[in-house]
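What follows is a single structure, written as structure tokens, with notes after it.
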Amino acid sequence: MPVISVPQAFNEDDLYVDLEGTFGHPLFLKCEGFNFAGSIKLKAATEMVEAAERDGLLTPGSVLVESSSGNLGVALSMIAASKGYRFLCVTDARCNLATRLMMEALGSQVHVITEPDPVSGFLGARIDHVRALCASDDRYVWLNQYTNPSNGMAHYRRTAPAIARQFPDLDVLFVGAGTTGTLMGCARYFREWHRPVRIVAVDSVGSVTFGGAPGRRMIPGLGTSKRPPLLDESYVDDVVCVAEADTIRACHRLARRGFLFGGSTGTVVSGAMDWLSRQEKQGLTAVAIAPDLGERYLETIYQANWVQDLYGDDVLGSQSLTTASQAT
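Residue numbers (the numbering used here): 8 to 335.
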């Protein structure tokens, strides 16, 4: 039986859901939400904090600060609490209420940005606020998930090898694109592997990560309003962009089968099913990464009034998954 003394010591890394019976295409969904932080961001948070400690950047008087749409903020809140650091999360109005309350319950301070930068959106405004804090007080330590190589290294060392162990005949891997840490870490690992694996990045419509036009995005997690510094497109074979209405449909379709996943997972599943439906070759061994679970989205993507107000009355009326609206 596992016995731990710090919460980050536990993470279930080998749980997959077979989605073929739900969506009609063979796809194994790697569940990353079964840890005390509730998401894949625990890996990046742990790697970044431990690297900062090794490098002497973090001391007992340090105050961790990070820009996050939610999940990394929860992971850092948990680690900060276990290690005795103070933590300030800079987020924006799209962050789920449950996520903000969770960070505060863990002892963290949460600052919510309410106005986006005219050019770089909420992300730019959050980063500007973090930079101003660091300039005002040298106790602040910004791990900077957007440029920190430990973000991707966590998945090069842990996520990708775990998939490789379970699926030695892997043909295609679907990874959601946010900071692109997970995407780049996994892509670099499989570039060096013994057989070719297609890496398909899944992004949100309205994100500029892969050159798309900026647009409204209400579901936190994937997508960016400025190009991620970690991204190297030479490691990406295909990109699928998913409209948020299709994200919601995928989430509700999974929920009708008893699987409550988060918005990022709905986006990845929708994008994966769109890509698989367009392939002539059958019998591909395909895996998609599910970043988190759905409890933090009960007041948003699982709340009918919220969905109807933002996306219209017909979004939840469809009984079939609408495929991703764009692909490149």
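Idealized CB from N, CA, C, for every residue including glycine.
Buried versus exposed, by CB contacts within 10 Å (16 or more), residue i
i, result
"residue 111", "exposed"
"residue 28", "exposed"
"residue 66", "exposed"
"residue 282", "buried"
"residue 37", "buried"
"residue 277", "buried"
"residue 218", "exposed"
Under 8 Å between C-beta atoms of residue i and residue j
i, j, result
"residue 293", "residue 39", "no"
"residue 52", "residue 83", "yes"
"residue 228", "residue 78", "yes"
"residue 116", "residue 55", "no"
"residue 161", "residue 197", "no"
"residue 87", "residue 71", "yes"
"residue 179", "residue 64", "no"
"residue 100", "residue 305", "no"
"residue 186", "residue 156", "no"
"residue 231", "residue 216", "yes"
"residue 199", "residue 226", "no"
"residue 165", "residue 62", "no"
"residue 210", "residue 248", "yes"
"residue 183", "residue 275", "yes"
"residue 269", "residue 303", "yes"
"residue 130", "residue 233", "yes"
Cβ separation of residue i and residue j, assumed to be a contact under 8 Å, to the nearest whole Å
i, j, result
"residue 243", "residue 208", "5 Å"
"residue 137", "residue 74", "5 Å"
"residue 76", "residue 102", "6 Å"
"residue 159", "residue 49", "Not confirmed; about 15 Å, so no contact."
"residue 133", "residue 120", "5 Å"
"residue 181", "residue 295", "4 Å"
Candidates the options: closest to residue i by CA position
i, options, result
"residue 97", "324, 88, 123", "123"
"residue 260", "100, 324, 128", "324"
"residue 109", "92, 282, 238, 81", "81"
"residue 69", "129, 147, 95, 33", "147"
"residue 32", "280, 118, 10", "280"
"residue 264", "181, 26, 103, 16", "26"
"residue 141", "130, 174, 170, 95", "95"
"residue 177", "15, 30, 16, 34", "34"
"residue 190", "175, 202, 206", "206"
"residue 169", "319, 256, 47", "47"
"residue 149", "313, 93, 171, 222", "93"
Extent of the continuous alpha helix (DSSP H) run through residue i
i, result
"residue 183", "Here residue 183 belongs to no alpha helix (DSSP H); instead the beta strand (DSSP E) covers 179-183."
"residue 53", "48-61"
"residue 24", "No alpha helix (DSSP H) holds residue 24; the beta strand (DSSP E) holding it covers 23-25."
"residue 195", "188-198"
Residue i, enclosing beta strand (DSSP E) - first and last residue
i, result
"residue 243", "Segment: none, residue 243 is in no beta strand (DSSP E) and carries neither H nor E."
"residue 211", "205-211"
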